[in-house]
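Those letters in the sequence shown? Residues 503 to 745, per our numbering, in order.
Cβ atoms here follow ideal geometry from the backbone N, Cα and C, with glycine treated the same way.
Only one structure is covered here, and it is reproduced in the block below.
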Amino acid sequence: MAVKIRKLLVKRMEFTTIRNPGKLIGYMDASIASGMQYYLYEDPHISLDFYNEGTDAMEAIKDAIKARKKAPTKANKSAVKTKMKLGKIWLKAYSDKVEAIANDEANRSTLEEASVNIMQSYLTPQKLIKTKKGDPEAPEITAKNVGTSAIDVKIVNGIDFKPSMTNFILLEKDMKATIDLIDGVLYINQEKKGQIVFKSANAKGRYTHFRRLKPGVEYDIYAYSQNGKDQISRLSKVVSAFG
Numbered sequence: 503m504a505v506k507i508r509k510l511l512v513k514r515m516e517f518t519t520i521r522n523p524g525k526l527i528g529y530m531d532a533s534i535a536s537g538m539q540y541y542l543y544e545d546p547h548i549s550l551d552f553y554n555e556g557t558d559a560m561e562a563i564k565d566a567i568k569a570r571k572k573a574p575t576k577a578n579k580s581a582v583k584t585k586m587k588l589g590k591i592w593l594k595a596y597s598d599k600v601e602a603i604a605n606d607e608a609n610r611s612t613l614e615e616a617s618v619n620i621m622q623s624y625l626t627p628q629k630l631i632k633t634k635k636g637d638p639e640a641p642e643i644t645a646k647n648v649g650t651s652a653i654d655v656k657i658v659n660g661i662d663f664k665p666s667m668t669n670f671i672l673l674e675k676d677m678k679a680t681i682d683l684i685d686g687v688l689y690i691n692q693e694k695k696g697q698i699v700f701k702s703a704n705a706k707g708r709y710t711h712f713r714r715l716k717p718g719v720e721y722d723i724y725a726y727s728q729n730g731k732d733q734i735s736r737l738s739k740v741v742s743a744f745g
């Protein structure tokens, strides 16, 4: 039994959220030009009359802009918005036609092919699937004192190390603490009281900086990375530096 492929849709917010009339004109112009010259969307698959309706709607926006420049009255300003709404209505109808053709079994056998078909119309296809990155590798870190009460920590993994976030934990060494990361939960057991600091860096962050530490006190530093809420790495090896 053949597996039925779902219909891939056009991302309509790409044009429905446009507020600048000049930008909307450019979007319509590119859509009409792309559709008319691509074999799937050329006449008679999408009729020349329909493309002419789009051109007329685009010209109406231009005329409304000219009238507003000559006389920036409330009525002329409102007319520009009205003509823009009509332009977006045309783009929605264009999207309907493109979706039907791009997803026709004769024109695509996979969602990826439907996505390419939609892009040929100048419209934007919705994302195919939401992919998970998987559990990131454990971060490799180094640390050094960079002045009184300050430590810099650096991630030294290779260029393929791109987690969504890396979390750092800094503790006074004299606390004689043990740290465990179990199912995404951090457990800290300590023999003595002392300073503990947490900090996070986003995907692009390769450095983090700890300030306002105790001068001359040695600290242990750990890190772990994550992709989303549930995809979490192992805890890094500990490194040490003086505040």
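For the pair of segments examined, the region 594-605 was found to touch the region 525-543: the number of CB pairs separated by less than 8 Å reaches three.
For the set Phe517, Gly686, Gly745 and Ile507, the Cα lying nearest the Cα of Ala645 is the one of Gly745. The continuous alpha helix (DSSP H) containing Thr584 extends over residues Lys576 to Ala604. Secondary structure note for Gln539: its alpha helix (DSSP H) is the uninterrupted segment Pro523 to Gln539. According to the DSSP assignment, Asn619 belongs to no beta strand (DSSP E) but to the alpha helix (DSSP H) extending over Leu613 to Met621. Between Asp676 and Phe517, the alpha-carbon positions lie close to 60 Å from each other. Under the DSSP assignment, Phe700 falls in the beta strand (DSSP E) whose first and last residues are Ile698 to Asn704. It is roughly 39 Å from the alpha-carbon of Arg570 to the alpha-carbon of Ser617. Secondary structure note for Thr557: its alpha helix (DSSP H) is the uninterrupted segment Leu550 to Lys572. In this structure, Leu673 sits near Ile698, with a CB-CB distance shorter than 8 Å.
As a beta-bridge residue in DSSP terms, Leu688 pairs with Leu683. The residues Thr668 and Thr710, in chain order, have a CB closer than 6 Å to that of Ala703 in the same chain once the five nearest residues on each side in sequence are set aside. Looking at the DSSP output, Asn659 bridges to nothing. Taking 8 Å as the cut-off, the beta carbon of Tyr721 is found no closer than this to the beta carbon of Leu737. Contact between Pro641 and Tyr726 holds, since their C-beta atoms are separated by about 7 Å, short of 8 Å.
A direct Cα-to-Cα measurement between Ser735 and Leu511 gives close to 35 Å. Scanning its chain for C-beta atoms nearer than 8 Å, with the 5 sequence neighbours on each side dropped, one finds around Gly537 the residues Tyr543, Glu544, Ile548, Tyr553, Tyr596, Val600, Ser623 and Tyr624, in chain order.
For Met667, there is no enclosing alpha helix (DSSP H); the residue is found in the beta strand (DSSP E) stretching over Met667 to Glu674.
In this structure Ile657 is in contact with Arg708, their Cβ atoms being roughly 5 Å apart against a cut-off of 8 Å.
Under the 10 Å beta carbon count, Phe700 is surrounded by fewer than 16 other beta carbons and is classified as exposed. Lys678 and Asn691 have their C-alpha atoms some 8 Å from each other. Our two residues, Tyr529 and Leu683, have alpha carbons roughly 50 Å apart in a direct line.
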